[in-house]
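Engineer: Counting from 1, position 274 in the sequence shown corresponds to residue 428 in our numbering; the numbering is continuous, with no gaps.
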Amino acid sequence: MLTSARILSLIEEKRSSQQYRNYLTVRDAVLKMREVPLERIPETALPSAYWTEELSRFLYMFDASPLVIDQLRHHTYHITGIQVYGYRTGASSAPLFAEKLEALKRLDETGLFVPEAENLGGFGHLIDGQLVNIDTLKYYESMVAMGRGGALEAFGGEMRRTVMEIGSGWGGLAHVFKRLFPNTTYICVDLAELFLFSATYLMSVFPEAKVAFLDADGNGVEGAWSDYDFIFVPNTLAHEIKGESLDLCMNTVSFQEMTTAQVTEYVALADRLGAPLLYSLNRKRSVYSTELTDVHEIIGERYDTTEIPMLPVPYTKMMDSLRKKEKVKEKKEKGDKKEKVKFEVDKGGLSLEKSAISAAKAEKESMNYKHVVGRRKIVS
Ligand SMILES: C[S@@+](CC[C@H](N)C(=O)[O-])C[C@H]1O[C@@H](n2cnc3c(N)ncnc32)[C@H](O)[C@@H]1O
155 MLTSARILSL IEEKRSSQQY RNYLTVRDAV LKMREVPLER IPETALPSAY
205 WTEELSRFLY MFDASPLVID QLRHHTYHIT GIQVYGYRTG ASSAPLFAEK
255 LEALKRLDET GLFVPEAENL GGFGHLIDGQ LVNIDTLKYY ESMVAMGRGG
305 ALEAFGGEMR RTVMEIGSGW GGLAHVFKRL FPNTTYICVD LAELFLFSAT
355 YLMSVFPEAK VAFLDADGNG VEGAWSDYDF IFVPNTLAHE IKGESLDLCM
405 NTVSFQEMTT AQVTEYVALA DRLGAPLLYS LNRKRSVYST ELTDVHEIIG
455 ERYDTTEIPM LPVPYTKMMD SLRKKEKVKE KKEKGDKKEK VKFEVDKGGL
505 SLEKSAISAA KAEKESMNYK HVVGRRKIVS
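Structural data, given as structure tokens:
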């Protein structure tokens, strides 16, 4: 147990740490980004109702203490919902994570696994000495899906590549991508406040990285974008990016929370910046969304899309959910047999009921998470 004197000295130590200084740099940049004059911001750049509510929950991140930054990952539940509590020592779910990791490794031909970093309060189940949590598995699954879908062929060589992630959250996918493909300029587009998490995280995990923040004066980025490792672009200025040429655009679990107009604008931006490939892991819309039609249809307007089959469970679930589902199905089938005998005479009623069930099934299926790789329709 720490003594009280040690706690006080720890706060002072952490105050002068590189990670806390990174946070202060990022906070200044974010405050500046938020100064974009309203008349310059397209209406589509205003956060959706869903994200307006979310932003209000972490205003405190503008006033984070050295110890909060030291455990930044414990605060990213605002973004992806996972809590450190579920991964405490002795948590019974660890073997399920190991099972899912194995299942993903069987689909991975090129070694794309990157564990959770230990920095800034990184947490997870310890599997073969590496930290693994739901986010880790999600980013791994996305990388494998991109590999299987041919979206990573341009990466890993001598040539510098540029990718753009829309809705980069706390920076988890950026961390994984940059570990695997260091010769990449990674552009994070997000609501400015989110860079308090992602930019602080990435600058601390990659202390040597060259980083820039695009601000309203256009002063943040000097020279060629390809000179940088990470460039942070607020959503309010994304539409002003010009001249950059992308190799890939990515979006995970984020388009589904935006409005139809926002997704349409971002897909158009990827197209305008010449991204030959667009990867998406999304539902057609979030169950909470009232402002979106269908992510996949919108991507399909400019990109020829292919769904990449992955595991029979979504990223949010472990493999045991399949076993549970099987049991429920068996039980239901037994029950159905009894019901069928009961209603055998009323054939008309039965077929009506059947079509209602299959419509409900189709609607449920259409809300599944899908890994989609889009190929740009207009080849320049
Ligand atoms: C559920 S989080 C997912 C984060 C990350 N992609 C991941 O999978 O871990 C959704 C992300 O979309 C971002 N987002 C919401 N509206 C946005 C907008 N209009 N433009 C850019 N990003 C937005 C949020 O700020 C957040 O970072």
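By construction, the Cβ of each residue, glycine as well, lies at the ideal position given by its N, Cα and C atoms.
Following the continuous beta strand (DSSP E) through residue 249, name the residue where it begins and the one where it ends.
Structural biologist: If you number the sequence shown from 1, residue 249 lands on position 95. Taken as a continuous stretch (DSSP letters only), residue 249 belongs to no beta strand (DSSP E), being part of the alpha helix (DSSP H) at 248-261.
Engineer: Could you check where the beta strand (DSSP E) with residue 284 kicks off and where it finishes?
Structural biologist: Taking the sequence shown and counting its residues from 1, one reaches residue 284 at position 130. It spans 284-286 - the beta strand (DSSP E) in which residue 284 sits, taken as one unbroken run.
Engineer: Quick check on the burial criterion: 16 or more other C-beta atoms within 10 angstroms. Buried or exposed for residue 499?
Structural biologist: To locate residue 499, count along the sequence shown from 1; it is residue 345. Here residue 499 scores only 47 on pLDDT, less than 50, and its place in the model is too uncertain to base an answer on.
Engineer: Who pairs with residue 524 in a beta bridge, going by DSSP?
Structural biologist: For the purposes of this step, residue 524 is taken as residue 370 along the sequence shown, with counting starting at 1. DSSP output for residue 524 lists 436 as bridge partner(s).
Engineer: Buried or exposed: where does residue 241 fall if 16 or more other Cβ atoms within 10 Å of its Cβ makes it buried?
Structural biologist: Here residue 241 refers to the residue found at position 87 when the sequence shown is read from its first residue. When all chains shown are included, residue 241 counts as buried.
Engineer: Per DSSP, residue 405 forms a beta bridge with which residues?
Structural biologist: Counting from one through the sequence shown, the residue named residue 405 turns up at place 251. Answer is 434.
Engineer: What does the Cβ neighbour count give for residue 227, buried or exposed, with the cut at 16 atoms within 10 Å?
Structural biologist: In the sequence shown, residue 227 corresponds to position 73, counting from 1. Buried, by the Cβ-count rule.
Engineer: Would you call the segment 245-252 and the segment 330-345 touching, i.e. three or more CB-CB distances under 8 Å?
Structural biologist: No contact exists between the segment 245-252 and the segment 330-345.
Engineer: Are there 16 or more other CB atoms within 10 angstroms of the CB of residue 532, so buried, or fewer, so exposed?
Structural biologist: Numbered from 1 along the sequence shown, position 378 holds the residue referred to as residue 532. With fewer than 16 Cβ atoms within 10 Å of its Cβ, residue 532 is classed as exposed.
Engineer: Buried or exposed: residue 388, going by 16 or more other Cβ atoms within 10 Å of its Cβ?
Structural biologist: Taking the sequence shown and counting its residues from 1, one reaches residue 388 at position 234. It counts as buried.
Engineer: What would DSSP say about residue 394, mapped onto helix, strand or coil?
Structural biologist: Counting from one through the sequence shown, the residue named residue 394 turns up at place 240. Helix.
Engineer: Going by other Cβ atoms of all chains shown within 10 Å of its Cβ, with 16 needed for buried, is residue 419 buried or exposed?
Structural biologist: Reading the sequence shown from its first residue, position 265 is the one you call residue 419. Residue 419 comes out buried.
Engineer: Quick check: the segment 305-324 against the segment 172-188, are at least 3 beta-carbon pairs closer than 8 Å?
Structural biologist: Contact fails: fewer than three Cβ-Cβ distances are below 8 Å.
Engineer: From what residue to what residue does the beta strand (DSSP E) around residue 204 run?
Structural biologist: Position 50 of the sequence shown holds residue 204. First-last for residue 204: 203-211, but that is the alpha helix (DSSP H), not the beta strand (DSSP E).
Engineer: Residue 441: buried (16+ other C-beta within 10 angstroms of its C-beta) or exposed?
Structural biologist: Translated into positions along the sequence shown, residue 441 becomes position 287. Looking at its Cβ environment, which holds fewer than 16 other Cβ atoms inside 10 Å, residue 441 is exposed.
Engineer: So, are the CB atoms of residue 335 and residue 309 less than 9 Å apart?
Structural biologist: Residue 335 sits at position 181 when you count from the first residue of the sequence shown. Residue 309 sits at position 155 when you count from the first residue of the sequence shown. Against a cut-off of 9 Å, the Cβ pair of residue 309 and residue 335 comes out as a contact.
Engineer: For ligand 1, is there any heavy atom lying closer than 8 Å to the beta carbon of residue 201?
Structural biologist: Your numbering for residue 201 matches position 47 in the sequence shown. Residue 201: yes, Cβ under 8 Å from ligand 1.
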